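Chemist:
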Amino acid sequence: MSSEPSKSPPKSVTARALAVLAAFDVEHPLLTLSQLARRSGLPVATVYRLAGELEDGGFLDRNSSGRYGLGVRLWEMGVLTPIHGRLRETALPFLLNLQYDCRETVQLAVCDGAAAIYIEKLTSELSVPVESRIGARIPLHATGIGKALLAFRPEAFTEAILAMPLKRFSPETITDRRVLTRQLAQIRQQGYAQSHQEYHLGSTSIAAPVLVGGTVKAAIGIVSYALREDLDQFAPVLLHAAEGLAKRLAETEGTAYPSLSGLDQE
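Going left to right, the sequence shown walks through residues 1 to 266 as full-length UniProt numbering numbers them.
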């Protein structure tokens, strides 16, 4: 996120409060009052007032040095979202079993606009790039899990993505639309996607879509940062995990928290 002020400062109180909260990102988890003002594009006096109110409500937290960070109230609200309470919690048993089988990093992602976003990951003993953190946005065309999502989206969506400039992240990134189109057709045929150093040099991955009623709800991926050439051996267990999660999501349709019992969820 840019540290420059926005060109059109938000006018309503709600928009201004949201601009303050949106000033934080993974590279800027803690901000001084002046940094908050600069990144939100708001006057310092306005930010001072809003930050105080947000702190009182638990939406912001201020440490001993006077720097602000996001508060616990936002976390409490975040876990109420369908992605956390329904998809993520339902997926965890399948992800755990999959990682037990492969001993590699296992990830769960959903499509959000023109990108994929990680909503869960179980890491191996090796360190992983910051781009693979939960909440990170990754390209659809240059990752295994992104291509698994892209291949099974509606044709109009896929065509719109392919019409955009395809950014090159490494020498292996596929930026030729015709090549990528053929690869997506192959993914639909075999049921899973592969990526070889297309996003990060040294990383390989395979990923499968989670299809509920023919609609892709998410994708599960296995990623190795040791340049493994044999991830295909885990395709059967990967597909089994994706199919199991899809079945469970279909069975619990309309239930906000499938992992909880004795809770009125209507």
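A virtual CB, placed ideally from N, CA and C, is assigned to each residue, including glycine.
Just so you know, these numbers come straight off a predicted model, no measurement behind them.
Under the rule that 16 or more other beta-carbon atoms within 10 Å means buried, what is LEU201, buried or exposed?
Modeler: With fewer than 16 other Cβ atoms within 10 Å, it is exposed.
Chemist: Mind checking whether ALA17 and ARG39 have CB atoms under 9 Å apart?
Modeler: Taking 9 Å as the Cβ cut-off, ALA17 and ARG39 do not qualify as a contacting pair.
Chemist: From VAL44 to TRP75, what distance separates their C-alpha atoms?
Modeler: Distance between the alpha carbons of VAL44 and TRP75 is about 26 Å.
Chemist: How is the alpha helix (DSSP H) around TYR100 delimited, first residue to last?
Modeler: 89-102 is the extent of the alpha helix (DSSP H) around TYR100.
Chemist: Of all the options ARG188, PRO171, LEU249, SER195, which has the alpha carbon lying nearest to the alpha carbon of residue 271?
Modeler: Since the displayed the chain opens at 1 and closes at 266, residue 271 lies outside it and no answer follows.
Chemist: For the candidate residues CYS102, ARG103, GLU104, GLY135, whose alpha-carbon lies nearest to that of ALA116?
Modeler: Minimum Cα distance to ALA116 is reached at GLY135.
Chemist: In angstroms with no decimal places, state the Cα-to-Cα distance between VAL13 and ALA242.
Modeler: C-alpha separation (whole angstroms): 43 Å.
Chemist: What residue range does the beta strand (DSSP E) around VAL240 cover?
Modeler: Checking the displayed sequence, the identity of residue 240 turns out to be His instead of Val. Run containing HIS240: none in the beta strand (DSSP E); it sits in the alpha helix (DSSP H), 235-251.
Chemist: Between VAL223, TYR225, LEU211, which lies nearest to GLY244 when the distance is taken from Cα to Cα?
Modeler: Selected option, being the one with the closest Cα: LEU211.
Chemist: If you draw a straight line from the C-alpha of LEU238 to the C-alpha of ASP230, how long is it?
Modeler: So the alpha carbons of these two residues sit roughly 14 Å apart.
Chemist: Can you tell me which of ALA163, ALA185, GLY213, TYR225 puts its alpha carbon nearest to the alpha carbon of GLU253?
Modeler: Among ALA163, ALA185, GLY213, TYR225, the Cα nearest to that of GLU253 is on GLY213.
Chemist: Could you name each continuous alpha helix (DSSP H) segment of 4 residues or more that falls completely within the stretch 41-77, going from the start of the chain to the end?
Modeler: With a minimum length of 4 residues, the continuous alpha helix (DSSP H) runs that stay inside the stretch 41-77 are 44-56.
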